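Below: the structure, in structure tokens.
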Amino acid sequence: MVQTYGERLKALREARGLTQEQLAQKSGMDVYVIKWVESGILDPGMGRTARLADALGVNPTYLAGFTPPAAAAQERAAASPANARSLHQKAMDVLEKQLALLEKDNLLNSETEAACRIIDSMISVLYCMPDEGGVSDG
């Protein structure tokens, strides 16, 4: 679900238990600016976005509509669990092949195994999959 800037601002404000007046005070803006931005009448621009983000405790890029990578991955997984599983499996296959090459060349040691466990965890997080052991069973 794509949110407008105003919808995102309102959702963040309400999630923090703030009224429009309180957000206006925290950001140093007039309450009408908050109302107009939330209703889509006013484009806040970069300066106001920075002030609003600071008042809400979020990154300005998030407030401006750039979805964090983890959230984007979660949205993809929710939209298509089969696709997420497929991508997760492909990433795990690549990791397994790299691990096999390390073993073949006698380069596998505690440091490379630890790196593989970290990568395995990152892949699982990225594709929103539960940790199923993967290469970390060593």
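End of the sequence shown = 139 in our numbering, gap-free, step of one. Ideal Cβ positions, reconstructed from N, Cα and C, are used throughout, including at glycine. Please read all numbers here as calculations on a predicted model, not as lab measurements.
Quick one: using the 10 Å Cβ neighbour count with 16 as the cut-off for buried, is residue i buried or exposed?
i	result
residue 104	exposed
residue 18	exposed
residue 98	exposed
residue 13	buried
residue 25	buried
residue 34	buried
residue 102	exposed
residue 108	exposed
Excluding sequence positions up to five away, which residues of its chain have a Cβ less than 6 angstroms from the Cβ of residue i?
i	result
residue 65	50
residue 22	32
residue 39	7, 10, 11
How many whole angstroms separate the CB atoms of residue i and residue j, which I take to be in contact at a CB cut-off of 8 angstroms?
i	j	result
residue 7	residue 41	5 angstroms
residue 27	residue 54	The Cβ separation is near 11 angstroms, so there is no contact.
residue 30	residue 9	About 17 angstroms; that fails the 8 angstroms criterion.
Only counting the same chain, and skipping five residues up and downstream in sequence, which positions put a Cβ closer than 7 angstroms to that of residue i?
i	result
residue 36	21
Kindly list the residues whose CB is nearer than 8 angstroms to the CB of residue i, restricted to its own chain and excluding five residues on each side of it in sequence; keep chain order.
i	result
residue 62	none
- How do the segment 89–96 and the segment 44–54 stand: do at least 3 beta-carbon pairs fall below 8 angstroms, yes or no? no
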